[in-house]
RNA sequence: CUCUCCGUAGCUCAGCUGGUAGAGCAGUUGACUCUUAAUCAACGGGCCGAGAGUUCGAAUCUCUCCGGGGAGACCA
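In the numbering used here, the protein residues as written are 751 to 1331.
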């Protein structure tokens, strides 16, 4: 859909599809050039102030700002003859400008005010102003503009959003446009920016915390020959020079553990992972996970660390551990309850599944109305019961611990019960936020677990893990006892910013490609063919030759003239159609 | 993948049981030197998502397709 703009036919189509307002702006651009004003100047603009700082720092009667110079986008104009008000939006907020004709045009030539400001500037243009700070009669802190510079002309009109007394009018809300044109969303919807500021603050807070403890931020391969560390369908690509398939990573776990083998005590990565699965309110094909591995720790230690992270992030963002989420208040104050999976199931179903056989579990599922199929083993059945009957109950942060061994091929067996593993998931608002283990470092056990996965895969489980021989070799060299944890950054951001959809916390959520501009219809092409042999041609003659019905003829000829490939000319001899170009 | 709602001017939306499109903002022209959703006057602006069908006639009814939202299924 990009190359379409490079062939001449479509180029002409994009030109004629300009709206009236876009044409006017292009004309203004031309007029500015004729006045000797470069609409896209190159020189540095010496900004020395921001809107919000000025508004926060201004006090009546004294001007301690002196001359300020700020730049931003022109968001509104209120023109009143020889003086005007306007609003400038910079990186921090908005401030009102007062523009007086004789202040910005001290000499005889009033062109800058009368022509440039009043006529040739538009909402959306980036401008720079120099002036002084003052307060209007109505009490609004404003800039008295002495010098006005166009820094960048805007050719595409912005949606106009107005606001009074906290009520927003004509808000730009269409989700499709907001996500496809996030830049517009960010310009006109200030609360959107806030979500992304918070997102970055979450990452910075975590990074700060890890660095304080001496953990080491690393980067590991995104293109992997074996997609490991999780159960998911990968994206596949091809490396030409090596002529091998490569996969976009679904997790980075196995690489981070290799680094623990290599002697780092603590490593972490904020990683983009990719999964070739469905998209919905909580899933995007690429998403961000923070994974951290710390040597000589176990999952008990990691629980404490994880709850500390959450508490600290909540405090950094909101100054309190209580965070609004939908109609709930989530309290991230530590410590969080630890509930074993067996306890959770007993609480919410009444069944004690400890020591139950596969057959017995299947019967319990039947009684609970949970569908099962014969390929499901013990672990899968237990996981199903938990997912259906328990998960959604855990609104406040809760650690669900001790998962069945079948579900956790990379996790160390529980020190007290070989059917279980030392694994926890942190549940918030009924959803998984983090997942952690005492990492399996027994290479023989690990190999057996991989082989079990291989058997599952042969049984038809398409998300069973591949065997990564090099990872096993690394474990054979010896990995210290380690605990690792992964936390979904998108999900955490959703929780911390009260965003109901993952699209609200991603700048550019995945969307289907936009539709191509419409091409000429078959009828249009056919009529054009006739025109090629004879042009101009009498209208009725052409209509007859085309053999089209009245309705189709009407539509087709309108199509051709709209697209500027044909033209109807009226002369004394009658109506003629001629081709253009 | 299923169900459901939506797609009309640059933006937000109205347009009912079919009769050929309306408002506010934005734009253009004019007036106005402290306005703030500025105001006042005039004007211009529409492949009514695309295609097909029913009809004398479709923004409106039917079907198909495209795009989006929501709910679910699948999936961590």
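C-beta: ideal position from N, C-alpha, C; glycine also. What you are looking at is a predicted structure, and each value in this text was computed from that prediction instead of being measured.
Let me know the secondary structure DSSP gives residue i once reduced to three states.
i	result
residue 1229	coil
residue 1222	helix
residue 897	strand
residue 990	coil
residue 943	helix
residue 1193	helix
residue 1180	coil
residue 883	strand
residue 1029	coil
residue 973	strand
residue 1260	coil
residue 1266	Because the pLDDT of residue 1266 is 47, which lies under 50, any placement of that residue in the model is unreliable, and the number read from its coordinates should be weighed accordingly. Coil.
residue 809	strand
residue 905	coil
residue 1243	helix
residue 1123	coil
residue 785	coil
residue 1204	helix
Cβ atoms of residue j and residue i: under 7 angstroms apart, would you say?
i	j	result
residue 1078	residue 1145	yes
residue 950	residue 1252	no
residue 1150	residue 1215	no
residue 878	residue 894	no
residue 742	residue 1186	With the chain represented from 751 up to 1331, any question about residue 742 goes unanswered, as that position is not in the structure.
residue 1025	residue 1042	no
residue 1178	residue 1245	yes
residue 1057	residue 1086	yes
residue 1203	residue 1159	yes
residue 920	residue 911	yes
residue 1222	residue 1193	yes
residue 945	residue 936	no
residue 836	residue 827	yes
residue 948	residue 1075	no
residue 996	residue 973	yes
residue 829	residue 781	no
residue 1161	residue 1089	no
residue 874	residue 908	yes
residue 975	residue 984	no
residue 1209	residue 1125	yes
residue 1036	residue 1054	no
residue 1017	residue 960	no
Within a Cβ cutoff of 7 angstroms, which residues of the same chain sit near residue i, ignoring the five residues on either side of it in sequence?
i	result
residue 855	862 and 863
residue 802	842 and 843
residue 1205	none
residue 901	791, 795, 821, 876, 877 and 878
residue 1256	1034 and 1240
residue 896	853, 854, 880 and 881
residue 906	772
residue 970	1002, 1005, 1006 and 1019
Please work out which residues of its chain come closer than 6 angstroms, Cβ to Cβ, to residue i, disregarding the five sequence neighbours upstream and downstream, and give them in chain order.
i	result
residue 768	none
residue 778	870
residue 1236	1039, 1041 and 1185
residue 1157	1129 and 1133
residue 1232	1010, 1043, 1045 and 1189
residue 1048	1188 and 1233
residue 1104	1092
residue 891	805, 808 and 885
residue 987	996
residue 1168	none
Can you name, in chain order, every residue of its own chain whose Cβ lies under 8 angstroms from the Cβ of residue i, other than the five neighbours on each side?
i	result
residue 1098	1139, 1140 and 1143
residue 1070	1064
residue 815	799, 804, 807, 808, 882 and 883
residue 1180	1141, 1142, 1143, 1144 and 1145
residue 1249	945, 1243 and 1255
Bridge partners for residue i per DSSP, in chain order?
i	result
residue 1185	1175 and 1236
residue 878	821 and 899
residue 846	837 and 892
residue 995	988
residue 1018	967 and 1042
residue 951	Beta-bridge pairing links residue 951 to no other residue.
residue 828	835
residue 918	913
residue 1023	1037
residue 1170	1154
query: Which ranges would you report for the beta strand (DSSP E) in the segment 1132 to 1163 if only whole runs of at least 3 residues count?
result: Along the length of the segment 1132 to 1163, whole beta strand (DSSP E) runs at least 3 residues long occupy 1148 to 1151, reported in chain order.
Handout entry: Start-end ranges of the alpha helix (DSSP H) lying completely within the segment 1031 to 1108, minimum 4 residues
Key = Those alpha helix (DSSP H) runs which fall completely within the segment 1031 to 1108 and span 4+ residues are 1049 to 1068 and 1091 to 1099.
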